[in-house]
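Positions 932 to 1255 (the working numbering) are the ones given, in order, by the sequence shown.
Even for Gly, the Cβ is constructed at its ideal location relative to N, Cα and C.
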Amino acid sequence: MTDPQTLTDDEALEARAYEAFDRGDLAEASRHFGELLKRQPDARHLHYMQGLTHKYLRDWPTSLEHNLRAQALSDEVNESSAWNAGIAATALGDWAQARAQWRACGIRIPEGEGPIDGDFGLVSIRLNPWGDGETVFARRIDVVRARLLNVPLPESGHRLFDIVLHDGASTGQRQLSDGGTVNVFNALARLEPSDFRTFVAFVSCDSPDDMEALSAATLPGIGYVEDWTASITHYCLRCSYGAPHRHEDQADEDWSPDRNLGIGAQSRAAVVRLLQDWARAAPGRSVEGIEEREVEASEPADGHVWWRGAEDDEDEDEDEGPGS
């Protein structure tokens, strides 16, 4: 180990910069890397670290600036800085720059100008990774943009069909019902809010066939109906919304008649019509309540290393969302 007393001023400052970054104190890390760059303006690795720091600060212009500078100071393509530059350019809507960065990384993208619109596969997205870390499935339409396919909890501040910006490094894998797996990526920002609002509905029905009928029902303005009853296990959803019900031990039962639904829809009227039509279609079906909450997505706090993979934070307990 290097004796701190033998370090130069620049070496000591760089050590403090990396230490601040490693503990999640991004504002402090940015100050230290910025001071170092005043002294060493052509240090490629310092530009890279400043670009990385500002990616996690979600300061996209500064991140793009330093990642491009890091590339300019390199004799060959550095994929790490190219990926981070591509993420920042995508966040800024600088599609020419984003396309140039993906091509530099050897990624095949559709021809054309403007936003990339393709099919880059199914993934799992961790919303608000600096918070509860709810995970939902999504379809990538771009190298780092994905459209949400699950109805997120209202508390996430996200909606069904939102287009989100996600990080380039996978933080784990998630199993599919067919036994396959998909990569999990941290969401960095919501780029395009969906017009499908989130409604929470409480219904009762006698059998799984009743729920299958509701899930298969279609109506203009309805995007998707999810049965959250089994997937949300960390708290009682009905209690959180003040919906009247009884707590019963159903561990030995095959079916619970009380169902909690997440519905992505464009209007409350569409939800009301869907549920009323469903309830009238067969005996034993009832609608007990329809709720809607609009919540702003949370912001990351300094001092939390939220970008690390789950395997690096084994002691951290995450809530899994309705897409689990």
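The beta carbon of W1014 sits closer than 7 Å to the beta carbons of C1036, G1099 from its chain, once the five residues preceding and following it are set aside; these are given in chain order. The Cβ neighbour count for W1186, taken over all protein chains shown within 10 Å, is under 16; the residue is labelled exposed. Judged by DSSP in its simplified three-state form, R1216 adopts coil rather than helix or strand.
The alpha carbon of V1082 has as its nearest neighbour, out of H985, G1110, F1127, R1239, the alpha carbon of F1127.
Spanning the alpha carbons of G1110 and A1016 requires a straight line of approximately 35 Å. Between the alpha carbons of N1117 and A1213 lies a distance of about 42 Å. Taking all protein chains shown into account, E1157 has 16 or more neighbouring C-beta atoms within 10 Å of its C-beta and is therefore buried. By the criterion of a C-beta distance shorter than 7 Å, A1001 is surrounded in its chain by R975, H978, Y979, G982, N1009, S1012, once the five residues flanking it on both sides are discounted. Nearest C-alpha to L1119 among V1134, F1130, N1191, H1089: H1089. By the Cβ criterion, the segment 1054-1071 is in contact with the segment 1222-1241, since at least three pairs of Cβ atoms, one from each stretch, lie closer than 8 Å. For V1095, the enclosing beta strand (DSSP E) has its first and last residue at 1094-1097. Looking only at R1190, E1219, A948, N1114, the smallest Cα-Cα distance to E1143 is reached by R1190. With contact defined as three or more Cβ pairs closer than 8 Å, the segment 992-1001 and the segment 1014-1034 are in contact. The criterion of a C-beta distance shorter than 8 Å is not satisfied by I1038 and G1049. One alpha carbon belongs to L1053, the other to R1078, and they sit about 10 Å apart.
The continuous alpha helix (DSSP H) containing D940 extends over residues 940-953.
About 6 Å separates the Cβ atoms of I1194 and A1132, confirming a contact at the 8 Å cut-off. Within the segment 1091-1156, the beta strand (DSSP E) runs of at least 3 residues that lie entirely inside it are, in chain order, 1094-1097, 1103-1106, 1112-1123, 1128-1135.
The continuous alpha helix (DSSP H) containing F964 extends over residues 957-970. The DSSP assignment places no complete run of the alpha helix (DSSP H) inside the segment 1051-1080 (cut-off: 4 residues). DSSP, read as helix, strand or coil, puts L988 in coil. Rounded to whole angstroms, the gap between the alpha carbons of F1051 and T984 is 27 Å.
Assignment of beta-bridge partners to I1221 by DSSP yields A1132. Nearest C-alpha to S1108 among D1137, T1129, F1068: F1068. Here N1191 carries a strand assignment [DSSP, helix/strand/coil]. For Y987, the CB contacts under 7 Å within the same chain, skipping 5 residues up- and downstream, are L957, W1238 in chain order.
The three-state secondary structure of A1022, taken from DSSP, is helix. Per DSSP, reduced to three states, the secondary structure at D1158 is strand.
When the alpha-carbon of P992 is set against those of A1200, G1024, H1235, E945, the nearest one is in G1024. Between H963 and R989 a beta carbon distance of about 19 Å is seen, past the 8 Å cut, so the two are scored as non-contacting.
Of the candidates R1199, D1006, D1140, R1199 places its Cα closest to the Cα of E1222.
Under DSSP, the beta-bridge partners assigned to A1196 are R1128, I1153. As the crow flies, the alpha-carbon of L1084 is around 23 Å from that of Q1207.
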